[in-house]
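Just so we're aligned, residue 518 is where the sequence shown starts under the numbering used here, counting upward by one. Even glycine gets a Cβ: it sits at the ideal position worked out from N, Cα and C. All remarks here apply to the structure that follows.
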Amino acid sequence: MNTDLILQNIDRIVELDSEEAAFFTSLLRAKSVKRKQFLLRKGQIATDTFFVNSGCLRVFKMNEFSHFLYLFSTSSAPNFG
518 MNTDLILQNI DRIVELDSEE AAFFTSLLRA KSVKRKQFLL RKGQIATDTF FVNSGCLRVF
578 KMNEFSHFLY LFSTSSAPNF G
C-alpha cells in the first residue's frame, strides 16, 4: 500500500517524524472498493476512517422519495472521509 498521499495530507496539519509516520502507517489497512459498491449502508455505524487514494467517493443522504448528493470526494484533493 502506498501511504505517501496520506502522509502528505497529514503533514499539512502536523509534521510527523519518521518513527511516528512508521507507527501511523503500520495501523493502516488497504481496502479496494469497486464502482457502485457501498462502504456503508443505511443504519450501519462507521467504525473506520477512509482515505480516497484514487477514484472518487460519493456520499448520499436518502429520504423516502429520492437520493441527494451529500458529499463528493476525489483523489486529486485532500480527502479523508
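Restricting attention to Met518, Phe582, Arg575, the CA atom closest to the CA of Leu545 is found in Met518. Around the CB of Phe568, 16 or more other CB atoms lie within 10 Å, so the residue is classed as buried. Closest option to Gly572, judged by alpha-carbon separation, among Lys548, Ser543, Asp528: Lys548.
With respect to the 9 Å criterion, Ile523 and Asn570 are classified as neighbours on the basis of their beta carbons.
Collapsing the DSSP output to three states places Leu524 in a helix. Going by beta carbons, Phe541 and Ile527 fall inside the 9 Å limit.
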